[in-house]
Each structure stands twice: as C-alpha cells, then as structure tokens.
Amino acid sequence: MDQPSSGHAELAARSIPAPLVTVQQHILREQRRFAGVSGEFSWLVSGITLATKLIEAKVRRAGLADILGTAGEINVQGEVQQKLDVYANEMLIYALGVRESVAMLASEENEQPLISHGGSPHAKYIVVFDPLDGSSNIDVNVSVGTTFSILRRTAEHLDADATPDEILQAGNRQIAAGYVVYGPSTMLVYSAGNGVHGFTLDPAVGAYVLSHPDIRMPRQGKWYSLNESYLDRTSPAVQRFVETLRHGNDPQLAGRRYGSRYIGSMIADFHRTLLKGGVFLYPANDEYPRGKLRLLYEANPIAFIAEHAGGKASDGRGRVLDIQPDSVHERTPLFVGGEVEMSLFERFMAAER
Ligand code: FDP
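If you're matching positions, the sequence shown starts at 22 in my numbering and goes up one per residue.
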C-alpha cells in the first residue's frame, strides 16, 4: 500500500513551479543567517522598493507628459505637473520618512539633510540617495536610475536628534547599498555585504523578483566608458590608461583592444560594466577639478556594489570606500571596473606619483 505523501512531496508531485523570490523574502532569508539583524531593516528596504516602484511608474509615462499637460499646469487628474526628479525625491522622502527606523535622510535634491524620527530609540539608520541620476537623459528616453546608501547612526545614544555630521562616514561603513535602473526593464541591484543580487520588477505582479543572484563582475571586459571629450583635460596617467586599453598594448590585457561605450547616465553605464565587465571612469578635469560625481550617494553605493561583486573602485589615489567625507554633497573622481582593468589603472597611477 502507498505511504501517505508528505506535504512537500505532494507539492512537488503537482509540479508547482518554484515560487518567485521577492526582494523582501530574500532579505528576510538573509537575516535569519545573521544574528542581531532585525525586521526593521527589511521594513526600511521596503520603503526603497515602494518609492522606486512609484518612480518607475512615472518614468514610464515620461513620454506622455506633454500630452497630459505641461509643467506648471494642471493635468487631467487635477495634479500639478512636476519635474520627475522632484517627484522622485518626494516619493523617497515620503516612503522612507514614515519608517520609524530611519533617523535621517540626505538627498541630492536637498541642500540640508532631513531629520525624520528624531529621538526615537528605534531610529538607527541613515539613508543617503540620489533620487533620479542621469535625469538630463529622460527627454531622450535613455535609462536613468536611483542610488542609495544605508548607514548606521554613529551616536552612542539614539534618544537625541541625529546630527548632519553623522552622515559623514566613509563608504566602508555602509551596511547596505544599491541602485535601481529604469531601463527596458526596471532592476534593483542590492548588497548588504553578502553578495550582490539583482531583482527585476515584474510589472504583472508589481514585485521585484530575484533574477540575478550573486552577481560577479567579469575579471576582464572589453569596453571602457567615459566622456571622451574631456580626455585631453585629465591627467597624463588617465590618458595613457585609456590609450593602452584602446590599443591593447600591455601584456596584462592579453592583447585585447577595448571598445568604447558611454551613455552619460552613470547607473546605466555602471550597470553594463557590472554585468559585462570593463571599466567606467569619471576622472577630474579642468571643469570638475574634484570630479563630477557625488561621493556619498553616487560613488559610494557604486563602489560598494563593485567590491562585493569582485571588482574595484578608486578615486585615482586609493579606495573610494576609504575616503572620509567632509561634506554631504562633495564630489570625487571615480574609476570602477574589473580586476584586470583596475590593476592596470593602479599601476599607471602609481607610476605618475
Ligand atoms: P546627470 O547630470 O544627467 O544627472 O551625476 C550626474 C550625471 O548625469 C551622471 O549620471 C552621468 O554619468 C554624468 O552626470 C554625465 O556627465 P557628462 O555629461 O559630463 O558626461
């Protein structure tokens, strides 16, 4: 006589497909493996996923904005049209501001950080973000993104308001970071220090589902990515580095001659570099003597993701994640890529010193 089957075997027998793993499930699963990580953290991340879904819905309609009403006018829903980056900022502030675990928010769009749950003993996190990076590309239907970095408060006692200097932490103290790229599909790339994982937004169910577990950056790629128009205004070492990639004339490159890819939307350029390999660079030049990209909410999350995927990120002198920031909106040069490109880069920079 047949033995009664267990629930598990029964499910398998009915050949129910493996359930989707959402970002929330993934974080909860990870938390079980690390003592001392509370549910507050996954609730915080759900603020980011909620806000970015609202942003993505708006980005998808960007091309229709002119039909529905121009900026400053009342549209058919009776809402005043807003610039997308202002909207994106408001959504993140709204979704994160109601999370009790968030003590302070700092955004590219706000001169000063915003205190959200001052004095709450539960408010132990700080979130720094760029709500819509690459926004100058929206008009021409090019991918844009949101970057974020999560820090722990540094004050010993949480019963006092967070102070802006608590934001000024080196990137190596990020407890999680990532970005969302609004491209042909919308994808969240995230790390809490235990691998880099990609979740694609399934529009049918409205959830980010695990599509790219444990992303590793290829050791060597075939593209470099920079705004080449500035090249003759950067340092000779950077110029030599790019020339060498182009000609493939260094033994370390094993004869590979690199091609060029530059979108001009950092997250899209970095996302390609993460998945396909190569190097993305935004060096200092005479127009931006300290580089253009912002350390806390652009370079740091990108560097965190790159390192946890086996790549490297440098400001030309050392590790991006070791830079001690002096101000919330400070800029930095950024060179980020795979092992082969970055070790060649470091050699060229060292030779210049
Ligand atoms: P944007 O000004 O469109 O927001 O950080 C800002 C940024 O875009 C990056 O996304 C992008 O990589 C860079 O500026 C492009 O700058 P250049 O036009 O100087 O190449």
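Note that beta-carbon positions come from the ideal geometry of N, C-alpha and C, so glycine has one too.
query: Across which residues does DSSP place residue 220 in a beta bridge pair?
result: 209, 231
query: Can you tell me where the alpha helix (DSSP H) with residue 298 in it begins and where it stops?
result: Segment: none, residue 298 is in no alpha helix (DSSP H) and carries neither H nor E.
message: Quick check: what's the CA-CA separation for residue 321 versus residue 337?
response: 14 angstroms
task: Just the C-alpha distance for residue 15 and residue 229, rounded to the nearest angstrom, thanks.
output: There is simply no residue 15 to check, as the chain begins at 22 and stops at 374 in what is shown.
message: For residue 326 and residue 198, what's the separation of their Cα atoms in angstroms?
response: 7 angstroms
task: Kindly give me the distance between the Cβ atoms of residue 126 and residue 114, rounded to whole angstroms, as I take these residues to be in contact under 8 angstroms.
output: 6 angstroms
query: Under 6 angstroms from any heavy atom of ligand 1, does the C-beta of residue 281 make it?
result: no
task: Could you tell me if the beta carbon of residue 306 falls within a distance shorter than 6 angstroms of some heavy atom in ligand 1?
output: no
message: Check for me: the alpha helix (DSSP H) holding residue 333 runs from which residue to which?
response: Per DSSP, residue 333 belongs to no alpha helix (DSSP H); it is in the beta strand (DSSP E), 333-335.
query: In terms of DSSP beta bridges, what is residue 169 paired with?
result: 150, 199
task: Would you check if the distance between the CB atom of residue 136 and the CB atom of residue 182 is smaller than 7 angstroms?
output: yes
message: As a quick exercise: from 132, 345, 235, pick the residue whose alpha carbon is nearest that of residue 193.
response: 345
- prompt: Looking only at its own chain, which residues have a Cβ that is under 6 angstroms from the Cβ of residue 20, when we skip the five neighbours before and after it?
  reply: With the chain running from 22 to 374 in the structure shown, residue 20 is simply not present.
query: Taking residue 109 as the reference, which of 131, 290, 122 has the closest Cα?
result: 131
- prompt: Ends of the alpha helix (DSSP H) at residue 266?
  reply: 257-268
- request: Report yes if the C-beta of residue 248 is less than 6 angstroms from at least one heavy atom of ligand 1; otherwise report no.
  value: yes
- prompt: So, residue 124 versus residue 174, is the Cβ gap smaller than 7 angstroms?
  reply: yes
query: Going by alpha carbons, who is nearest to residue 288 out of 64, 157, 141?
result: 157
query: Taking the alpha-carbon positions, what's the residue 61 to residue 122 distance?
result: 6 angstroms
Touching by the beta-carbon criterion (3+ pairs, under 8 angstroms), the region 296-316 and the region 353-366: yes
- request: Kindly indicate which three-state DSSP category residue 373 falls into: helix, strand or coil?
  value: helix
- prompt: So, helix, strand or coil for residue 63, using DSSP?
  reply: helix
- request: Select from 293, 367, 159 the residue whose C-alpha is nearest the C-alpha of residue 238.
  value: 293
- prompt: From residue 257 to residue 142, what does the alpha carbon distance come to, in whole angstroms?
  reply: 51 angstroms
- prompt: Do the CB positions of residue 318 and residue 149 come within less than 7 angstroms of each other?
  reply: yes
message: Any heavy atom of ligand 1 inside 6 angstroms of the beta-carbon of residue 154?
response: yes
field: Residue closest to residue 305, alpha-carbon to alpha-carbon, out of 269, 298, 248
entry: 248
Three-state secondary structure assigned by DSSP to residue 314: strand
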